[in-house]
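S.K.: Structure in structure tokens, see below.
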Amino acid sequence: ELAEKIKNFQQDDGWFGQPEAGEEGMINTHIWSVLALASTNEPIPQKEKAREWLLARQNENGGFGWLEGLESDVDDTGTAVQALILLGEDPETSPAIKKALEYLKGNQWEDGGFSAGEWMGRESNTSSDAWVVQALIAAGENPSGSNWSVNGNNAITHMLSLQVQDGSFNWKKDIHSTPVTTTAYVVMALAGKPFPVNLSYAPQKDESDTEKVFKDLSKSHWAYQSIQGLVNEGVLGGYPDGTFRPDNLVTRAEFVKFLVGGLAMEEKDSTSSLAFSDVSDKHWARGYILTAVEAGFVMGSPDGTFAPGKGVTGAELAAILVRALPASRSSEFQEGEKWYSGYVKLAAEEGLLYPNFQWDRGASRAQCAFSLSRLKALLATYEEHKGQ
């Protein structure tokens with residue numbers, strides 16, 4: 015019954031809308047009618063006219079607005095891509111799809127997220143991220159691939175960085191707006207489901223054959239992009255049995271090794287003096303620990319130990335990350351109620367903490383990879399701005 019009502023809204027030129035209800039020229043009524051009808055698995059009436067009508071509303075910059083004559087925005091362009099593919103546009107050969115994807119790419123920011131446009135503020139947001147991810151999946155693109163990443167960040171990592179303690183997602187950094195709706199958008203995108211969710215689109219393009227693959231790490235893993243990036247750089251590695259073991263907890267010594275390698279620091283001579291009673295001259299991580307200590311990134315305990323084999327906690331990881339920030343940012347550290355409070359606060363503000371962060375729990379290999387990847391990207395951004 016509902017599908018029949020939508021069909022009755024279609025006009026002679028193929029447009030879906032109700033001019034008598036003030037919808038004249040609305041592009042979004044057309045897009046959502048197409049998506050709704052496609053979800054019923056029924057043929058879309060006047061399909062060719064519907065496709066041509068939508069193609070004719072594409073702006074010069076490749077994007078689509080919600081109303082004829084308005085500037086393009088990421089959200090409506092994302093849904094338009096999905097509708098056009100359902101109407102018969104081939105993402106492999108369609109100039110319109112190519113232009114739309116180029117428009118979307120032009121609105122990706124250094125944090126990997128996407129901005130809806132001037133009318134919603136230029137900052138990236140999770141809702142726009144979700145629309146773009148769904149469009150990319152529909153078009154056979156990999157939203158976590160190198161083509162859709164900036165300094166190791168992409169829409170997936172950006173969405174995950176805005177998840178809060180109750181499991182919902184902020185719309186923007188520190189903006190908790192319509193959390194149920196926003197979270198619903200994000201969940202569908204993270205699940206790899208374009209609209210309609212009951213249909214299958216084109217398979218995603220394969221990543222480079224040179225990428226290393228671990229048998230226990232799928233591309234759908236939340237930290238896949240961070241892990242793969244660090245693996246490709248030689249910072250992280252797997253185990254002889256071909257696994258990565260993303261949930262394994264990381265020791266303090268291991269994280270220091272990750273940090274020194276990730277920041278391309280020159281490892282100190284392991285024969286240099288190091289005043290930790292539990293780090294012998296022959297300890298495998300002695301050089302890495304020396305390097306991080308001299309840089310001021312890590313410290314030992316008052317009793318003169320370093321505890322290299324102890325699991326690194328969320329609080330310790332936050333402190334190390336903050337100390338590795340440029341002085342202009344680390345100087346903003348303020349003491350809190352607990353020794354770690356200020357570090358956790360500043361690390362969260364910089365987007366360095368992994369999803370579901372808990373200060374007193376050990377950090378896993380996946381969590382450490384995510385935070386280290388975020389730190390590397392942030393440092394690269396600061397360096398770029400410094401040179402401008």
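Here my numbering is used: the first residue of the sequence shown is 15, the next is one more, and so on.
Ideal placement from N, C-alpha and C gives every residue a C-beta, glycine not left out.
Give me the Cα-Cα distance between Glu281 and Leu250, rounded to the nearest whole angstrom.
M.R.: Here residue 281 is taken as the residue at index 267 of the sequence shown, counted from 1. Here residue 250 is taken as the residue at index 236 of the sequence shown, counted from 1. Each residue's alpha carbon lies about 16 angstroms from the other.
S.K.: Could you compute how far the alpha carbon of Ser355 sits from the alpha carbon of Asp374?
M.R.: Stepping through the sequence shown from its first residue, residue 355 is reached at position 341. Stepping through the sequence shown from its first residue, residue 374 is reached at position 360. About 12 angstroms.
S.K.: Please confirm if the segment 372-389 is in contact with the segment 257-276, defined as three or more CB-CB distances below 8 angstroms between the two stretches.
M.R.: yes
S.K.: Who are the near neighbours of Pro105 in its chain, counting only those whose CB is closer than 7 angstroms to its CB and skipping five residues on each side?
M.R.: Stepping through the sequence shown from its first residue, residue 105 is reached at position 91. Contacts found: Ile99, Ile111, Ala153, Gly154, Ala216.
S.K.: Short of 7 angstroms in beta carbon distance, which residues of its chain neighbour Ser387, apart from the five on each side in sequence? Order them along the chain.
M.R.: Taking the first residue of the sequence shown as position 1, residue 387 is located at position 373. Once the five neighbours on either side are set aside, the close Cβ partners of Ser387 are Gly166, Ser240, Gly243, Leu244.
S.K.: Candidates Asn139, Glu349, Val326: which alpha carbon is nearest Gln381's?
M.R.: Here the question's residue 381 lines up with position 367 in the sequence shown. When each option's Cα is compared against that of Gln381, the closest is Val326.
S.K.: On a CA-only basis, which of Ser158, Lys207, Gln177 is nearest His235? Give me that one, please.
M.R.: Your numbering for residue 235 matches position 221 in the sequence shown. Nearest of Ser158, Lys207, Gln177 to His235, Cα basis: Ser158.
S.K.: Under 8 angstroms by Cβ, that's how I've got Val336 and Ala361 pegged, so tell me the actual separation to the nearest angstrom.
M.R.: Against the sequence shown, residue 336 aligns to sequence position 322. Against the sequence shown, residue 361 aligns to sequence position 347. With a beta-carbon spacing of about 5 angstroms, Val336 and Ala361 fall inside the 8 angstroms limit used to define contacts.
S.K.: The alpha helix (DSSP H) with Val447 in it runs from where to where?
M.R.: This structure does not reach residue 447, given that the chain is present from 15 up to 402, and the question cannot be answered.
S.K.: Whose C-beta lies closer than 8 angstroms to the C-beta of Asp292 among residues of the same chain, with five residues either side of it excluded?
M.R.: On the sequence shown, residue 292 is found 278 positions in, with the first residue counted as 1. Taken in chain order, the residues that qualify are Thr319, Phe320, Ala321, Pro322.
S.K.: Helix, strand or coil for Val293? Go by DSSP, reduced to three states.
M.R.: Taking the sequence shown and counting its residues from 1, the one referred to as residue 293 is at position 279. Val293 falls in the coil class under three-state DSSP.
S.K.: What's the gap between the Cα of Thr107 and the Cα of Leu273?
M.R.: Indexing the sequence shown from 1 puts residue 107 at position 93. Indexing the sequence shown from 1 puts residue 273 at position 259. If you take the alpha carbons of Thr107 and Leu273, they lie about 43 angstroms apart.
S.K.: Is Asp89 closer than 8 angstroms to Ala130 when the C-beta atoms are compared?
M.R.: Working through the sequence shown from its first residue, we reach residue 130 at position 116. Working through the sequence shown from its first residue, we reach residue 89 at position 75. Taking 8 angstroms as the Cβ cut-off, Ala130 and Asp89 qualify as a contacting pair.
S.K.: Going by alpha carbons, who is nearest to Tyr302 out of Ser294, Val270, Lys390?
M.R.: To locate residue 302, count along the sequence shown from 1; it is residue 288. Answer by Cα proximity: Val270.
S.K.: What does the Cβ neighbour count give for Thr305, buried or exposed, with the cut at 16 atoms within 10 Å?
M.R.: Position 291 of the sequence shown holds residue 305. Counting Cβ neighbours within 10 Å, Thr305 comes out buried, since at least 16 surround it.
S.K.: Does DSSP put Val189 in a helix, in a strand, or in coil?
M.R.: Numbered from 1 along the sequence shown, position 175 holds the residue referred to as residue 189. Per the sequence shown, residue 189 should be read as Ile rather than Val. If DSSP states are grouped into helix, strand and coil, Ile189 belongs with the strands.
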